[in-house]
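**Student:** Can you read through this structure? Questions will come right after.
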Amino acid sequence: MQNVYTVGQVNAYIKNMFTQDFMLQSLSVKGEVSNCKYHSSGHIYFTLKDEKGTIACVMFSGNRAGLKFRMAEGQQVIVNGTVDVYERDGKYQMYAREIRQDGAGALYERFERLKTELEERGMFAKEYKQPIPKYISRLGVVTAQTGAAVRDIIQIASRRNPYVQIILYPAIVQGDMAVQSIVNGIHAMEHYRVDTIIVGRGGGSIEDLWAFNEEAVAQAIFDCPIPVISAVGHETDTTIADFVADLRAPTPSAAAELAVYDIEQLQERMSEYAYTMQHLCRNRISRYRNRLEHYRMQLRYLSPANQIREKRTYMMKLEETLQGHMERTLSDKRHRLALYIEQMKGLSPLEKLNQGYAYAADGQGRTVNRISQVEPGDELHVYVKDGVIHTKVTDRGKMPG
10 MQNVYTVGQV
20 NAYIKNMFTQ
30 DFMLQSLSVK
40 GEVSNCKYHS
50 SGHIYFTLKD
60 EKGTIACVMF
70 SGNRAGLKFR
80 MAEGQQVIVN
90 GTVDVYERDG
100 KYQMYAREIR
110 QDGAGALYER
120 FERLKTELEE
130 RGMFAKEYKQ
140 PIPKYISRLG
150 VVTAQTGAAV
160 RDIIQIASRR
170 NPYVQIILYP
180 AIVQGDMAVQ
190 SIVNGIHAME
200 HYRVDTIIVG
210 RGGGSIEDLW
220 AFNEEAVAQA
230 IFDCPIPVIS
240 AVGHETDTTI
250 ADFVADLRAP
260 TPSAAAELAV
270 YDIEQLQERM
280 SEYAYTMQHL
290 CRNRISRYRN
300 RLEHYRMQLR
310 YLSPANQIRE
320 KRTYMMKLEE
330 TLQGHMERTL
340 SDKRHRLALY
350 IEQMKGLSPL
360 EKLNQGYAYA
370 ADGQGRTVNR
380 ISQVEPGDEL
390 HVYVKDGVIH
400 TKVTDRGKMP
410 G
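Written as structure tokens, this is what we have:
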């Protein structure tokens with residue numbers, strides 16, 4: 010009776026056959042990438058095909074460290090790995106250990122090697138980058154004499170500042186003679202002593218742009234004492250020249266904008282500065298005038314003539330005040346004197362005499378108002394209203410009571 014096997018046994022047998030085949034354990038397969046998917050786990054699943062067939066491929070996340078580029082549809086690659094059977098599905102596939110680009114991929118590997126070497130030599134270091142002058146008068150351009158790149162640079166630079174002189178070195182930017190031509194162009198711009206140099210060309214394949222990935226061009230840019238702007242290809246294109254240059258522009262048009270300052274913006278800014286300066290000057294002059302007026306008033310107040318006037322006015326006020334006090338005091342004193350005079354009149358002997366009274370005084374002028382003060386024979390002076398009567402005492406006696 011014929012033996013009957015399970016599906017798992019058949020798949021295991023086939024897998025064992027693949028495992029025992031030495032060639033399938035390490036081989037390289039060339040083809041076009043199709044149905045490429047980057048899984049969230051880090052694995053890459055894709056199909057490798059040519060005009061006669063396809064083969065399923067997978068690269069596990071642990072092998073991705075050596076992958077130098079991102080895989081995409083249509084790329085020509087060489088996959089190195091193992092062909093084996095996935096037992097569960099009974100399908101064979103290629104397990105990739107290494108993937109490199111074919112054709113352009115070789116150039117890319119060469120690009121990566123040179124990039125790493127130049128970076129280790131410090132040619133990409135920021136401390137060697139020269140600042141791009143903000144305002145220039147002479148712009149050097151090293152690019153092909155014909156093509157969109159030079160037209161864009163001239164058009165944009167002239168529009169932004171028609172006073173900037175543009176010196177073009179018609180370099181060969183593609184082919185065997187391109188490297189030396191670009192290097193000569195950079196040295197020529199050093200001779201013309203331009204302010205900034207744009208080195209570049211329009212877009213193209215990696216082969217078309219390869220002159221800007223050569224070490225000689227990179228060295229010429231690095232050694233150039235004049236700031237260099239690299240403008241090679243489109244925004245997604247990157248060359249060794251971009252890393253070495255003092256500044257990378259995504260396109261030749263952008264390089265012109267970075268190199269040449271927009272004169273209209275400068276004029277607007279200068280107008281703003283002028284307005285601001287005038288405003289500040291007017292404010293400062295106004296402050297100084299106010300301060301000067303303040304000092305003038307202080308000087309007028311503190312001047313000797315003004316002090317004399319102030320003191321004289323003050324003295325006049327004091328004089329008026331003193332005179333007022335004196336007049337009030339005199340008036341008060343006159344009034345009080347009048348009162349005293351009236352009081353004195355009531356006490357004055359003369360006033361009594363005028364009323365019909367008289368008084369006597371002895372020879373010494375002492376008033377006699379008692380009989381005991383005189384003796385018979387003493388002389389007396391009797392004062393009456395209109396004069397003095399001189400008499401002698403003949404007798405004395407008391408008033409009858």
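Read in order, the letters of the sequence shown correspond to residues 10 to 410 in the numbering used here.
Just so it is clear, CB atoms sit at the ideal spot from N, CA and C, and this is done for glycine as well.
The model shown is predicted, which means the values in this text are computed figures rather than measured ones.
(1) Quick one: what's residue 214 bridged to in DSSP?
(2) Just checking my contact of residue 249 with residue 127 at CB under 8 Å: how many whole Å lie between their CB atoms?
(3) Taking the alpha-carbon positions, what's the residue 12 to residue 90 distance?
(4) Over what stretch of residues does the alpha helix (DSSP H) that includes residue 27 continue unbroken?
(5) Grab the span of the alpha helix (DSSP H) containing residue 110 for me, first residue to last.
(6) Below 8 Å between beta carbons: does that hold for residue 369 and residue 399?
(7) Can you give, in chain order, each stretch of the alpha helix (DSSP H) that sits fully within the segment 26-70 and has at least 4 residues?
(8) So, residue 147 versus residue 203, is the Cβ gap smaller than 8 Å?
(9) Could you tell me whether the Cβ atoms of residue 238 and residue 207 are closer together than 8 Å?
(10) Do residue 268 and residue 166 come within 8 Å of each other at the CB atom, strictly closer than that value?
(11) Suppose the cutoff is 7 Å on Cβ atoms and the five residues either side in sequence are ignored; what does the same chain contact list for residue 260 look like?
(12) To the nearest angstrom, how far is the alpha carbon of residue 342 from that of residue 325?
(13) Cutting at 6 Å between CB atoms, please list the residues of its own chain near residue 372, excluding the five before and the five after it.
(14) Where does residue 243 sit, in a helix, a strand or coil, going by DSSP?
(15) Taking residue 97 as the reference, which of 285, 131, 17, 153 has the closest Cα?
(16) If we call anything under 8 Å between Cβ atoms a contact, is residue 205 one with residue 180?
(17) Please state whether DSSP places residue 322 in a helix, a strand or coil.
(18) How many angstroms separate the CA atom of residue 22 from the CA atom of residue 33?
(19) Go through its chain and collect everything with a Cβ distance to residue 236's Cβ below 6 Å, but skip five positions before and after it.
(20) Check whether the Cβ atoms of residue 43 and residue 27 lie closer than 8 Å to each other.
(21) What does the Cβ neighbour count give for residue 257, buried or exposed, with the cut at 16 atoms within 10 Å?
(22) Would you grab the beta carbon distance between residue 92 and residue 111 for me? Rounded to a whole angstrom, and I think it's under 8 Å.
(23) Please state whether DSSP places residue 79 in a helix, a strand or coil.
(24) Taking the C-alpha atoms as reference points, what is the distance between residue 82 and residue 220?
(25) Considering only DSSP beta bridges, list what residue 398 is partnered with.
(26) Restricting to Cα atoms, I'd like to know which of 378, 216, 403 is closest to residue 392.
(27) Can you round the beta-carbon distance between residue 64 and residue 102 to whole angstroms, since I take them to be within the 8 Å contact cut?
(28) Short check: CB of residue 225 to CB of residue 188, under 8 Å?
(29) For residue 197 versus residue 178, is the C-beta spacing smaller than 8 Å?
(30) Under the DSSP definition of a beta bridge, which residues are partnered with residue 85?
(31) Going along the chain, which residues of its own chain have a beta-carbon closer than 7 Å to the beta-carbon of residue 209, five neighbours each way excluded?
(32) Tell me the rounded alpha-carbon separation between residue 143 and residue 195.
(33) Do residue 386 and residue 401 have their C-beta atoms within less than 8 Å of each other?
**Tutor:** Short version:
(1) Numbered from its first residue, the sequence shown carries residue 214 at position 205. Its beta-bridge partners do not exist; DSSP assigns none.
(2) In the sequence shown, residue 249 corresponds to position 240, counting from 1. In the sequence shown, residue 127 corresponds to position 118, counting from 1. Correct: roughly 7 Å between the Cβ atoms.
(3) Stepping through the sequence shown from its first residue, residue 12 is reached at position 3. Stepping through the sequence shown from its first residue, residue 90 is reached at position 81. Those two C-alpha atoms are separated by around 35 Å.
(4) On the sequence shown, position 18 is the one that residue 27 refers to. Counting along the chain, the alpha helix (DSSP H) containing residue 27 begins and ends at 16-29.
(5) Stepping through the sequence shown from its first residue, residue 110 is reached at position 101. Premise fails: residue 110 lies in the beta strand (DSSP E), 100-110, not in any alpha helix (DSSP H).
(6) Here residue 369 corresponds to residue number 360 of the sequence shown, with the count starting at 1. Here residue 399 corresponds to residue number 390 of the sequence shown, with the count starting at 1. No, the Cβ-Cβ distance between residue 369 and residue 399 is not below 8 Å.
(7) 31-34
(8) Taking the first residue of the sequence shown as position 1, residue 147 is located at position 138. Taking the first residue of the sequence shown as position 1, residue 203 is located at position 194. Result yes, Cβ atoms of residue 147 and residue 203 sit closer than 8 Å.
(9) Within the sequence shown, the letter at position 229 stands for residue 238. Within the sequence shown, the letter at position 198 stands for residue 207. Taking 8 Å as the Cβ cut-off, residue 238 and residue 207 qualify as a contacting pair.
(10) Taking the sequence shown and counting its residues from 1, one reaches residue 166 at position 157. Taking the sequence shown and counting its residues from 1, one reaches residue 268 at position 259. Yes, these two residues count as a Cβ contact at 8 Å.
(11) The residue given as residue 260 occupies position 251 in the sequence shown. Answer for residue 260: 240, 243, 244, listed in chain order.
(12) Start at 1 with the first residue of the sequence shown, and residue 342 comes out as number 333. Start at 1 with the first residue of the sequence shown, and residue 325 comes out as number 316. Straight-line Cα distance between these residues: approximately 25 Å.
(13) On the sequence shown, position 363 is the one that residue 372 refers to. So the qualifying residues of the chain are 388.
(14) As a position in the sequence shown, residue 243 is number 234, starting the count at 1. If DSSP states are grouped into helix, strand and coil, residue 243 belongs with coil.
(15) Taking the sequence shown and counting its residues from 1, the one referred to as residue 97 is at position 88. Of 285, 131, 17, 153, the residue nearest in Cα terms is 17.
(16) Within the sequence shown, residue 205 is the residue found at index 196, counting from 1. Within the sequence shown, residue 180 is the residue found at index 171, counting from 1. Cβ distance not < 8 Å, so residue 205 and residue 180 don't count as in contact.
(17) For the purposes of this step, residue 322 is identified with residue 313 of the sequence shown, where counting begins at 1. Residue 322 falls in the helix class under three-state DSSP.
(18) Along the sequence shown, one-based indexing puts residue 22 at 13. Along the sequence shown, one-based indexing puts residue 33 at 24. Going from the Cα of residue 22 to the Cα of residue 33 covers about 16 Å.
(19) Numbered from its first residue, the sequence shown carries residue 236 at position 227. Counting only Cβ-Cβ distances below 6 Å, and skipping sequence neighbours, we find 139, 141, 205, 255.
(20) Locating residue 43 in the sequence shown gives position 34, counting from the first residue. Locating residue 27 in the sequence shown gives position 18, counting from the first residue. It is not a contact, given that the beta carbons lie outside the stated cut-off.
(21) Here residue 257 refers to the residue found at position 248 when the sequence shown is read from its first residue. Buried.
(22) Along the sequence shown, one-based indexing puts residue 92 at 83. Along the sequence shown, one-based indexing puts residue 111 at 102. Their Cβ separation, rounded to whole angstroms, is 19 Å, which puts residue 92 and residue 111 out of contact at 8 Å.
(23) Mapped onto the sequence shown, residue 79 falls at position 70. Residue 79: coil per DSSP, three-state reduction.
(24) Indexing the sequence shown from 1 puts residue 82 at position 73. Indexing the sequence shown from 1 puts residue 220 at position 211. The alpha-carbon atoms of residue 82 and residue 220 are separated by roughly 27 Å.
(25) By one-based count along the sequence shown, residue 398 stands at place 389. 391, per the DSSP bridge assignment.
(26) In the sequence shown, the residue the question calls residue 392 occupies position 383. Nearest C-alpha to residue 392: 378.
(27) Here the question's residue 64 lines up with position 55 in the sequence shown. Here the question's residue 102 lines up with position 93 in the sequence shown. Residue 64 to residue 102, Cβ: 7 Å. Contact.
(28) On the sequence shown, position 216 is the one that residue 225 refers to. On the sequence shown, position 179 is the one that residue 188 refers to. Against a cut-off of 8 Å, the Cβ pair of residue 188 and residue 225 comes out as a contact.
(29) One-based indexing of the sequence shown puts residue 197 at position 188. One-based indexing of the sequence shown puts residue 178 at position 169. Closer than 8 Å, so yes.
(30) By 1-based counting over the sequence shown, the position of residue 85 is 76. Answer is 41.
(31) Taking the sequence shown and counting its residues from 1, the one referred to as residue 209 is at position 200. Cβ within range, chain order: 152, 158, 239, 240, 241, 261, 264.
(32) Against the sequence shown, residue 143 aligns to sequence position 134. Against the sequence shown, residue 195 aligns to sequence position 186. The alpha-carbon atoms of residue 143 and residue 195 are separated by roughly 21 Å.
(33) Indexing the sequence shown from 1 puts residue 386 at position 377. Indexing the sequence shown from 1 puts residue 401 at position 392. Contact flag set, yes.
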